[in-house]
Amino acid sequence: MLVLYANKDLLELIKKGNTMKTKSTAILLCFFGGGLGIHKFYLGENVAGILYLLFCWTCIPALIAFVEFFGLIIMSDTEFNTKYNKGLASASGPVSAKDATSALADLKTLFDSGIITAEEYEEKRQKLLKSL
Numbered sequence: 051m052l053v054l055y056a057n058k059d060l061l062e063l064i065k066k067g068n069t070m071k072t073k074s075t076a077i078l079l080c081f082f083g084g085g086l087g088i089h090k091f092y093l094g095e096n097v098a099g100i101l102y103l104l105f106c107w108t109c110i111p112a113l114i115a116f117v118e119f120f121g122l123i124i125m126s127d128t129e130f131n132t133k134y135n136k137g138l139a140s141a142s143g144p145v146s147a148k149d150a151t152s153a154l155a156d157l158k159t160l161f162d163s164g165i166i167t168a169e170e171y172e173e174k175r176q177k178l179l180k181s182l
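Under the numbering used here, residue 182 is the last one in the sequence shown; the count climbs by one each step, no gaps.
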């Protein structure tokens, strides 16, 4: 699910080819491939991923991944986005009219380029308008 942000960072990330990391994908990768560090590579922590691979024969990375699995489950979406989707700030609080106008323009651009569906566009537009 695409989350609306009240700035242009999301659009800039999409233009650069970067994708937003999702919490559910990270949880699944941690559960099924945590011992090999697959979730670390997904979350952009490549050095940690390499260390997990180097020491996977000791089963220590599997134990650490088990703890991280539960940590990811209890982590809030806002905290996850702050930590792993750098440069993105959530639009959970009230936004100024200028930010709302900019966000609506970005949302329309995402809709026009086919990144989000009409239902997502309308839902996010209504949510943004209610936050004013």
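Ideal Cβ positions, reconstructed from N, Cα and C, are used throughout, including at glycine.
Helix, strand or coil: how does DSSP classify residue i here?
{"i": "Thr132", "result": "helix"}
{"i": "Ser74", "result": "helix"}
{"i": "Ser152", "result": "helix"}
{"i": "Glu8", "result": "The structure shown has nothing for residue 8, since the chain only spans 51 to 182."}
{"i": "Gly94", "result": "coil"}
{"i": "Thr69", "result": "coil"}
{"i": "Ile124", "result": "helix"}
{"i": "Ile165", "result": "coil"}
{"i": "Cys109", "result": "coil"}
{"i": "Gly85", "result": "helix"}
Among the options, which has the Cα closest to the Cα of residue i?
{"i": "Phe91", "options": "Ala147, Ala76, Lys148", "result": "Ala76"}
{"i": "Gln176", "options": "Lys136, Phe81, Ala153", "result": "Ala153"}
{"i": "Lys71", "options": "Leu178, Glu129, Ala150, Ser181", "result": "Glu129"}
{"i": "Asp127", "options": "Thr69, Ser181, Ser74", "result": "Ser74"}
{"i": "Thr69", "options": "Pro111, Ile165, Thr151", "result": "Ile165"}
{"i": "Ala31", "options": "Tyr171, Leu179, Ile123, Cys109", "result": "Outside the modelled stretch of the chain, which goes from 51 to 182, sits residue 31, for which no answer is possible."}
Return the CA-CA distance between residue i and residue j, expressed in angstroms with no decimal places.
{"i": "Ile114", "j": "Ile100", "result": "14 Å"}
{"i": "Ile110", "j": "Cys80", "result": "14 Å"}
{"i": "Leu86", "j": "Lys174", "result": "37 Å"}
{"i": "Leu168", "j": "Leu78", "result": "In the sequence as presented, Leu is not what sits at residue 168; that position holds Ala. If I take the Cα positions, the gap works out to 29 Å."}
{"i": "Ser163", "j": "Tyr171", "result": "12 Å"}
{"i": "Ala98", "j": "Leu122", "result": "16 Å"}
{"i": "Leu93", "j": "Ala112", "result": "17 Å"}
{"i": "Glu95", "j": "Lys148", "result": "35 Å"}
{"i": "His89", "j": "Phe82", "result": "9 Å"}
{"i": "Ser181", "j": "Ala155", "result": "16 Å"}
Quick test of the definition: if touching needs 3 or more C-beta pairs under 8 Å, does the stretch 152-160 touch the stretch 107-124?
no
Does the contact criterion of 3 or more C-beta pairs under 8 Å hold for the stretch 124-134 versus the stretch 105-116?
no
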